[in-house]
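Presented below is the structure to which this report refers.
Residue numbers (my numbering): 190 to 570.
In structure tokens form, the structure reads like this:
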């Protein structure tokens, strides 16, 4: 492929000192420059713009500083640009939006600033956009709705604010949507994305309104994390249609009513967390019969007789039922063998009166459960 041969890079070396970079500059057909986790320091050199035949530029996990060179706009053949886990600063250069062949743009875990350019809506070939923990602010551009090939939009832990654009629902190929730890407001219904989502993470924002019945149309969902917001109303019965759902977290919101019987239809459910709210009434019998359920957090709810519902259940012998500091009525389970909590780390839940939407990424009790969330960024290259 014309990729330069590997060379060892020592601490404190700049990219100009790395043989692979020098070799690429000498070649006329270098298509890949991959230098990962080699402790290279300094700024990204402007000479990168001379490598016009590059299709993949991957410089993740180094110690680069300074801005992204505007000269990268000359790399019109670039398909993958990955600069994650560095200390790159400043705003994104406008020329990045001209790289219309891009399918992967991986910029997460840097020290960028400013807004996400609206021109990114023109990157129609983009499949993955990962910008979490990068310092972006303001609103998420509505123009992202044009990216009908995008499968992953990971934008957690930034300063995005305002209402979530409804145009996200137009991204028909989207399977992963992560917007957690931002400052989004407005109805939670605007953040549900398209029906084909597999994972939806909107944890720790300030979304309001009710979880709409339309959530039941997301039949491919395996994980729904909506803890730490200001969601009200009841848990919709339509949630029982999500038969592929494995993880459901609605903790630390302001939801009321009872747990719907339809939760017993979630036959794939492994983890359930609805703590820190105003739920009342009995826990559905069918919940104790779910074959895969291993972790249930009902801490600080007002559900009645929940311990009796689980105490004699042989269907979920590994279910870890958390009742510490709860408002549950009735005795605690008599046989602790049936309720091992050895895989859980639990801190006291905040008072439900505090609501959610803290946006601080760490003060919600949901963040203290080891099983609560899987960071989608962990699967990135």
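Cβ coordinates follow ideal geometry from the N, Cα and C atoms, glycine included.
For residue 385, the secondary structure class from DSSP, reduced to helix, strand or coil, is coil. The beta carbon of residue 446 sits closer than 6 Å to the beta carbons of 423 from its chain, once the five residues preceding and following it are set aside; these are given in chain order.
For residue 404, the three-state secondary structure derived from DSSP is helix.
Residue burial annotation: residue 265 is exposed, with fewer than 16 other C-beta atoms found within 10 angstroms of its C-beta. Pairing residue 219 with residue 239, the inter-Cα distance amounts to about 11 Å. Residue 451 has its alpha-carbon roughly 6 Å from the corresponding atom of residue 426. Distances from the alpha-carbon of residue 278 to those of 288, 267 and 299 put 299 closest.
Assignment of beta-bridge partners to residue 460 by DSSP yields 436 and 484. When the five nearest sequence neighbours on each side are left out, the beta carbons in the same chain lying within less than 8 Å of the beta carbon of residue 275 are those of 248, 249, 250, 251, 252, 253, 254, 298 and 299, in order along the chain.
Residue 284 is a Cβ neighbour of residue 259, given a cutoff of 8 Å. With contacts defined as CB atoms closer than 8 Å, residue 443 and residue 463 fail to qualify as a contacting pair. In this structure, residue 380 and residue 373 form a Cβ contact; the two beta carbons are roughly 7 Å apart against a cut-off of 8 Å.
Burial of residue 322 is indicated by the presence of at least 16 other C-beta atoms within 10 angstroms of its C-beta. Annotation for residue 273: no alpha helix (DSSP H) segment contains it, and DSSP assigns it neither H nor E. Assignment of residue 429 by DSSP, reduced to helix, strand and coil, places it in the helix class. One thing to note: residue 468 has its Cβ no nearer than 8 Å to the Cβ of residue 482. In the three-state reduction of the DSSP assignment, residue 246 falls in the strand class, which pools E and B. Contact annotation: residue 401 and residue 438 have beta-carbon atoms that are not nearer than 8 Å. Rounded to the nearest whole angstrom, the CA to CA distance from residue 406 to residue 484 is 25 Å. Counting along the chain, residue 232 sits inside the beta strand (DSSP E) bounded by residues 230-232. If only complete runs of 3 or more residues are kept, the region 290-368 shows the beta strand (DSSP E) at 293-295, 317-319, 341-343, 348-352 and 365-367, in order along the chain.
With contacts defined as CB atoms closer than 8 Å, residue 330 and residue 349 fail to qualify as a contacting pair.
Residue range 208-215 is occupied by the alpha helix (DSSP H) that includes residue 212. Taking the Cα positions, residue 314 is about 8 Å away from residue 336.
For residue 241, the number of other beta carbons within 10 angstroms of its own is below 16, and it is reported as exposed. For residue 253, the uninterrupted beta strand (DSSP E) run begins and ends at 252-255, by DSSP. Of the other Cβ atoms in all chains shown, fewer than 16 fall within 10 Å of the Cβ of residue 208; this residue is therefore exposed.
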